[in-house]
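>
Protein chains in written order, with my numbering: chain A, 2 to 326; chain B, 36 to 296.
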């Protein structure tokens, strides 16, 4: 086995920035290990110039599976494409930046290859001639140094763990290949899609975000969240759960399938702190959590946590902040 | 219709969690509980049984030490009809692939129409078990379901993705992991909690499932943990219970840190 394959995701006709960040990190790792790096791209109607430009981010070759089955965002046809690429390429490692699709695709690939899989990796190191990841654990209080005993190793990195640069403008040869699709991968199909509609203000520029989750009880709970946000001169954010429930617009959603935000202050109210939420806000300067459930994982990565009734604490805080103003 | 739900016992979130220095494994000897995310999967199955498919049988499947019986009972109380508990010392130390192999072996013994999982494990934050198990079973997989509808031998799932909402249709048998947005799990009433122990519990070993013990557990792990280190970054968390002054203390903290002018 030789070489590193990076599964690069295409969203809206562009290679995702997260994928490019991992590709660049793979190039640094590959240089240390003496392994070349291929970008594996799956989609439909992909633009050759954009694909070749992945050479500017460290890809030696861009290997492309172009098929309508791969344009749906469904992971299993991508598992087939990666397995086909593995048969030809004999890669030692597979990497991808976590997304809804890539995490499932590389999990499927690991199962098919009998390969070890590490998820939520935040660092990639070359140690003793092999890849050893740093996998975050116990609410980010510890880094486990995870390597592989299997011939092939599969790594899903935490979303936003590796920021992309502008690249060096280079290009790489683009080679197309035809995946062998399995029956079960074709037994799951996309039957509808609604684009997310941006209706509210852009929260990614706010210095202070006050975020609400399921713990607000219902949509009316956002009233006090808005008041606190206004007192701070900030904006309102929301979790996926409350957006899915229709309590607040999608444009305010923070997390894996929403926005990534880095305000100076993030106040999480009634938010449990699932990993899908965490990856969108962990870069915030100071994190405050208010939750009545002392077991909520959000307390593991907050700077200041209040176990209590947000219906009492939030209005008090609003009044105090206003009084200072 | 036959629904299986893969559940996990996790350390109680209130307990201080610790990784063993020697084995680099999470110490699981303390207080344990049912993974809270799995409760959404159980609730989804119960709603199918209460709604479109009343003749549904719900089977709870878990791989855990024998001591995990209480968590299995908890899952049964919430709506499971029976349980399959894979308890085998040789399974201890399984990594993600090993765990998936054991679960897939147990699921393969029977013909389930729908296999449900929670979106992630609360302890390891693992969100890929559905994808691993589905591939080993060679069946379709849909993750992060925000709703599930049944029709004509298929499930139709609405899920949120990076670009909006997808509606995905998968032929059964299939594997679906549910997001925590799908429902508000109900707490079981006391009679259901009392009745859980009387439901059929099957405890099985790896040999009974036909799993080669050398392919799972610590011996068969495809990943290895060579060490632990402390991440740079956040300092200690201050957590206090609100006694009426928490808002004041928080503001003082924010002023001291110059987050608030």
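Think of the CB as a built atom: it goes at the ideal place given N, C-alpha and C, for glycine as much as any other residue.
1. Quick one: residues in its chain with C-beta nearer than 7 Å to the C-beta of residue 166 of chain A, no 5 flanking neighbours on either side, listed in chain order?
2. Do you know how far the Cα of residue 131 of chain B is from the Cα of residue 256 of chain B?
3. For a quick check, are the C-beta atoms of residue 211 of chain B and residue 203 of chain B less than 7 Å apart?
4. Kindly indicate which three-state DSSP category residue 236 of chain B falls into: helix, strand or coil?
5. I think residue 306 of chain A touches residue 272 of chain B, with their Cβ atoms under 8 Å apart; what is that distance to the nearest whole Å?
6. Return the chain-ordered list of same chain residues with a C-beta closer than 7 Å to the C-beta of residue 227 of chain B, the five sequence neighbours on each side being excluded.
7. For residue 134 of chain B, would you say it is in contact with chain A, using Cβ-to-Cβ distances shorter than 7 Å as the test?
8. Kindly list the residues whose CB is nearer than 8 Å to the CB of residue 94 of chain B, restricted to its own chain and excluding five residues on each side of it in sequence; keep chain order.
9. Can you tell me the Cβ-Cβ gap for residue 63 of chain B and residue 46 of chain B, rounded? I've got them flagged as a contact below 8 Å.
10. Measuring only between beta-carbons, confirm whether residue 274 of chain B sits less than 7 Å from chain A.
11. When the cut-off is 7 Å and only beta carbons count, does residue 204 of chain B lie next to chain A?
12. Among A:143, A:225 and A:38, which one has its Cα closest to the Cα of residue 8 of chain A?
13. Just to confirm, are residue 208 of chain A and residue 264 of chain A a CB contact at a threshold of 7 Å?
14. Spell out whether any CB of chain A is found under 7 Å from the CB atom of residue 175 of chain B.
15. If you reduce the DSSP assignment to three classes, tell me which class residue 95 of chain A lands in.
16. Residue 196 of chain B touches chain A at which residues, Cβ-Cβ below 7 Å?
17. Are the Cβ atoms of residue 175 of chain B and residue 248 of chain A separated by less than 7 Å?
18. Look up residue 80 of chain A in the DSSP assignment and say whether it is helix, strand or coil.
19. Name, please, each residue of chain A whose Cβ falls closer than 8 Å to the Cβ of residue 54 of chain B.
20. Please give me, in chain order, every unbroken run of the alpha helix (DSSP H) with length at least 4 that falls completely inside the stretch 212 to 286 of chain A.
21. Of all the CB atoms in chain A, is at least one closer than 7 Å to the CB of residue 147 of chain B?
22. Residues bridged to residue 182 of chain A by DSSP?
23. Among residues of its own chain, excluding the 5 on either side of residue 176 of chain A, which ones have a beta-carbon nearer than 8 Å to its beta-carbon?
24. How should residue 30 of chain A be labelled, buried or exposed, when 16 other C-beta atoms within 10 angstroms of its C-beta is the threshold for buried?
25. Excluding the five sequence neighbours on either side, which residues of its own chain have a C-beta within less than 8 Å of the C-beta of residue 104 of chain B, listed in chain order?
26. Could you tell me whether the stretch 66 to 74 of chain A touches the stretch 33 to 50 of chain A, using the rule of 3 or more Cβ pairs below 8 Å?
27. Say whether the stretch 191 to 201 of chain A touches the stretch 153 to 162 of chain A, bearing in mind that this needs 3 or more beta-carbon pairs closer than 8 Å, one atom from each stretch.
28. Where does the unbroken alpha helix (DSSP H) through residue 121 of chain B begin, and where does it stop?
29. Measure the alpha-carbon distance for residue 213 of chain A versus residue 4 of chain A and round it to whole angstroms.
30. Checking contacts by CB at 7 Å: is residue 41 of chain A closer than that to chain B?
31. Label residue 220 of chain B either buried or exposed according to how many other C-beta atoms from any shown protein chain fall within 10 Å of its C-beta, with 16 as the threshold for buried.
32. Hey, quick one: how far does the alpha helix (DSSP H) through residue 120 of chain A stretch, first residue to last?
33. What number of angstroms, rounded off, separates the C-alpha of residue 206 of chain B from the C-alpha of residue 238 of chain A?
34. Is the Cβ of residue 266 of chain B closer than 7 Å to any Cβ of chain E?
35. Buried or exposed for residue 108 of chain B, please, with buried defined as at least 16 other CB atoms from any protein chain shown within 10 angstroms of its CB.
36. For a test of the three-state rule: what should DSSP assign to residue 61 of chain B, helix, strand or coil?
The structure says:
1. 25
2. 8 Å
3. no
4. strand
5. 6 Å
6. 112
7. no
8. 37, 38, 39, 40, 115, 116, 117, 118, 119, 145 and 147
9. 6 Å
10. yes
11. yes
12. A:38
13. yes
14. yes
15. strand
16. 74, 101 and 258
17. no
18. helix
19. 138, 139, 143 and 145
20. 223 to 233, 241 to 245 and 276 to 282
21. no
22. None, per the DSSP bridge assignment.
23. 62, 63, 64 and 65
24. buried
25. 120 and 236
26. yes
27. no
28. Here residue 121 of chain B belongs to no alpha helix (DSSP H); instead the beta strand (DSSP E) covers 117 to 121.
29. 44 Å
30. no
31. buried
32. Residue 120 of chain A -> not in any alpha helix (DSSP H); beta strand (DSSP E) instead, spanning 117 to 128.
33. 36 Å
34. Absent from the structure: chain E. Protein chains present are A and B.
35. buried
36. strand
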